[in-house]
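**Q** Residue numbers (my numbering): 599 to 914.
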Amino acid sequence: MKQPILIAQELRKAFGDNEAVRGISFSVMRGEIFSLLGPNGAGKTTTINMLSCLIEPTGGTAEIAGHAIPGDSLDVRRAIGVVPQEIALYDSLTARQNLEFWGKLYDMGGKPLAMRIDEVLEQVGLSDRAKDKIKTYSGGMKRRINIAAGLLHKPQLLFMDEPTVGIDPQSRRRILDMVRELRDQGMTILYTTHYMEEAEELSDRVGIIDQGRLIALGTQVELTKLVGEQETLRLHLAEDMPLPDGKVDVFAGLEGVLSAAAVDHQVIVNVADAGEALPAVVARAGEIGLRIRSVDIEEPNLEAVFLHLTGRGLRD
599 MKQPILIAQE LRKAFGDNEA VRGISFSVMR GEIFSLLGPN GAGKTTTINM LSCLIEPTGG
659 TAEIAGHAIP GDSLDVRRAI GVVPQEIALY DSLTARQNLE FWGKLYDMGG KPLAMRIDEV
719 LEQVGLSDRA KDKIKTYSGG MKRRINIAAG LLHKPQLLFM DEPTVGIDPQ SRRRILDMVR
779 ELRDQGMTIL YTTHYMEEAE ELSDRVGIID QGRLIALGTQ VELTKLVGEQ ETLRLHLAED
839 MPLPDGKVDV FAGLEGVLSA AAVDHQVIVN VADAGEALPA VVARAGEIGL RIRSVDIEEP
899 NLEAVFLHLT GRGLRD
């Protein structure tokens, strides 16, 4: 039976009157990918910063590899690797020089550090660019060196905070493949994202976070059971069409419609039966001037769970 490497209990963080994280509790088991899925501003990064000992919790406690938060910050930092959302690299240095800098912060040096840098550069597929300055790198390549820095000291637990933000689809695909490979090699990963597709592809378990609260936690099968037998109609709109803000109330009164939200030039409508509801939904879209390019019918997924629990889309 897998044992937890991380246990968080009633973690809270307030910045003045703003309570960014509101008493969340969860555990991460050794060898798994645990994702925190939620929209921007939900509290994901603040949670990572507390668990990384970058900021102190306002309340609650955590334990990582047997070390307490707050309390054992030095031991916690030795046990974890962090891939921050912001690129933590020096543009004027080469990739190797950046990794040497980060390695020395972990009291690494000499031949062991040089050999480990070779290993992580190979791992992220950038050995051939080791001597190039970071300013010559693409966004996706910088993200991969960011990951290499987090792996340098062979951590027991790796935090990855939105590691695919702002990069092209090919680079994103490479990073997702890398995350799975790390898990297959035994790495434990706490991964944050607002992309439902990433959480579904990578995660052994998912915690859904919204407005600082953990509102659901479980495997994907367990979470999708929360929405029952419903289906999802995903209406893809013409790209030049203004997107209705927030919840699409005009669909709410239709028979069989359970909830609806608009996000990323799509209208997502959760329905009891897709076949029965589709004609009325398409007709109502036409009545309010929405031009539909295509419609997908989907089984319940994590976005449907979030919409069911909050009444909003993940990227509202």
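For glycine and all other residues, C-beta sits at the position ideal for the given N, C-alpha and C.
Judging by CA-CA distance, which residue of Asp-847, Glu-630 and Asp-862 is the nearest neighbour of Pro-840?
**A** Numbered from 1 along the sequence shown, position 242 holds the residue referred to as residue 840. Nearest of Asp-847, Glu-630 and Asp-862 to Pro-840, Cα basis: Asp-862.
**Q** Is Pro-668 helix, strand or coil by DSSP?
**A** Residue numbering aside, residue 668 sits at position 70 when the sequence shown is read from its first letter. Looking at Pro-668 - three-state DSSP - the assignment turns out to be coil, as it is neither helix nor strand.
**Q** Check whether the Cβ atoms of Thr-790 and Ile-646 lie closer than 8 Å to each other.
**A** In the sequence shown, the residue the question calls residue 790 occupies position 192. In the sequence shown, the residue the question calls residue 646 occupies position 48. Their beta carbons are under 8 Å apart, which means Thr-790 touches Ile-646 by this criterion.
**Q** Could you give the DSSP three-state label for Glu-896: helix, strand or coil?
**A** Within the sequence shown, numbered from 1, the residue matching residue 896 stands at position 298. Here Glu-896 sits in strand by DSSP.
**Q** List the endpoints of the continuous beta strand (DSSP E) containing Asn-915.
**A** In this structure the chain extends from 599 to 914, so residue 915 is not present and cannot be described.
**Q** Whose C-beta lies closer than 7 Å to the C-beta of Phe-904 among residues of the same chain, with five residues either side of it excluded?
**A** The count along the sequence shown starts at 1 and reaches residue 904 at position 306. If we look at Phe-904 and ignore the five residues flanking it on each side, its Cβ neighbours are Ile-806 and Leu-912.
**Q** Hey, which unbroken runs of the alpha helix (DSSP H) at 4 residues or more fall wholly within the segment 808-893?
**A** DSSP runs (the alpha helix (DSSP H)) wholly in the segment 808-893: 818-822 and 872-885.
**Q** Looking at the secondary structure, which residues open and close the alpha helix (DSSP H) in which Lys-957 lies?
**A** The structure shown does not extend to residue 957, since the chain is modelled only from 599 through 914, so no value can be given for it.
**Q** Would a C-beta distance cut-off of 8 Å place Gly-854 and Ala-870 closer than the cut-off?
**A** In the sequence shown, counting from the first residue as 1, residue 854 sits at position 256. In the sequence shown, counting from the first residue as 1, residue 870 sits at position 272. Against a cut-off of 8 Å, the Cβ pair of Ala-870 and Gly-854 comes out as a contact.
**Q** Taking just the CA atoms, how far does Ala-860 sit from Ile-622?
**A** Taking the sequence shown and counting its residues from 1, one reaches residue 622 at position 24. Taking the sequence shown and counting its residues from 1, one reaches residue 860 at position 262. Distance between the alpha carbons of Ile-622 and Ala-860: 28 Å.
**Q** Nearest-angstrom Cα distance between Arg-778 and Cys-651?
**A** Translated into positions along the sequence shown, residue 778 becomes position 180. Translated into positions along the sequence shown, residue 651 becomes position 53. Straight-line Cα distance between these residues: approximately 26 Å.
**Q** Would you call Ile-719 buried or exposed, if buried means 16 or more other Cβ atoms sit within 10 Å of its Cβ?
**A** As a working note, residue 719 is residue 121 in the sequence shown. Rather than Ile, the amino acid found at residue 719 in this sequence is Leu. When all chains shown are included, Leu-719 counts as buried.
**Q** Identify which residue in Ile-787, Leu-888 and Leu-604 has its Cα closest to the Cα of His-665.
**A** Numbered from its first residue, the sequence shown carries residue 665 at position 67. Nearest option by C-alpha distance: Leu-604.
**Q** For the structure I just gave you, are there three or more beta carbon pairs, one from the segment 717-733 and one from the segment 653-660, closer than 8 Å?
**A** In short, these stretches do not touch, since the Cβ pair count stays below three.
**Q** Using only the alpha-carbon positions, how far apart do Ile-667 and Phe-757 sit?
**A** The residue you call residue 667 lines up with position 69 of the sequence shown. The residue you call residue 757 lines up with position 159 of the sequence shown. For Ile-667 and Phe-757, the distance between alpha carbons rounds to 16 Å.
**Q** Am I right that Asp-775 and Gln-683 are in contact with their C-beta atoms under 8 Å? What's the rounded C-beta distance?
**A** For the purposes of this step, residue 775 is identified with residue 177 of the sequence shown, where counting begins at 1. For the purposes of this step, residue 683 is identified with residue 85 of the sequence shown, where counting begins at 1. The pair is not a contact, with the Cβ atoms about 20 Å apart (cut-off 8 Å).
**Q** Can you tell me whether Thr-644 is buried or exposed? The criterion is at least 16 other CB atoms within 10 Å of its CB, across all chains shown.
**A** Looking up residue 644 in the sequence shown gives position 46. With 16 or more Cβ atoms within 10 Å of its Cβ, Thr-644 is classed as buried.
**Q** Residues in its own chain within less than 6 Å of Ala-612 by CB, not counting five upstream and five downstream?
**A** On the sequence shown, position 14 is the one that residue 612 refers to. Excluding positions up to five away in sequence, the list reads Thr-656.
**Q** Which of helix, strand or coil does DSSP assign to Val-674?
**A** Along the sequence shown, one-based indexing puts residue 674 at 76. It is helical.
**Q** Over what stretch of residues does the beta strand (DSSP E) that includes Lys-611 continue unbroken?
**A** The sequence position of residue 611 within the sequence shown is 13, counting from 1. Looking at the DSSP string, the run of the beta strand (DSSP E) that includes Lys-611 is 602-613.
**Q** If we count the other Cβ atoms within 10 Å of its Cβ and call it buried at 16 or more, is Ser-633 buried or exposed?
**A** Here residue 633 corresponds to residue number 35 of the sequence shown, with the count starting at 1. Flag for Ser-633 reads buried.
**Q** Let me confirm a value: Val-680 is counted as buried when at least 16 other C-beta atoms fall within 10 Å, else exposed. Which label applies?
**A** To locate residue 680, count along the sequence shown from 1; it is residue 82. Val-680 is buried by the Cβ-count criterion.
**Q** Can you determine whether any heavy atom of the ligand MG sits closer than 7 Å to the C-beta of Glu-608, and answer yes or no?
**A** Among the components modelled here there is no ligand, and therefore nothing to report on the ligand MG.
**Q** Does the beta-carbon of Lys-740 have 16 or more other beta-carbons within 10 angstroms, so that it is buried, or is it exposed?
**A** The count along the sequence shown starts at 1 and reaches residue 740 at position 142. The residue is buried, with at least 16 neighbouring Cβ atoms inside 10 Å.
**Q** By Cβ distance, which residues of its chain are closer than 8 Å to Leu-724, with the 5 residues on each side in sequence left out?
**A** Indexing the sequence shown from 1 puts residue 724 at position 126. These residues qualify, in order along the chain: Ala-693, Met-739, Arg-742, Ile-743 and Ala-746.
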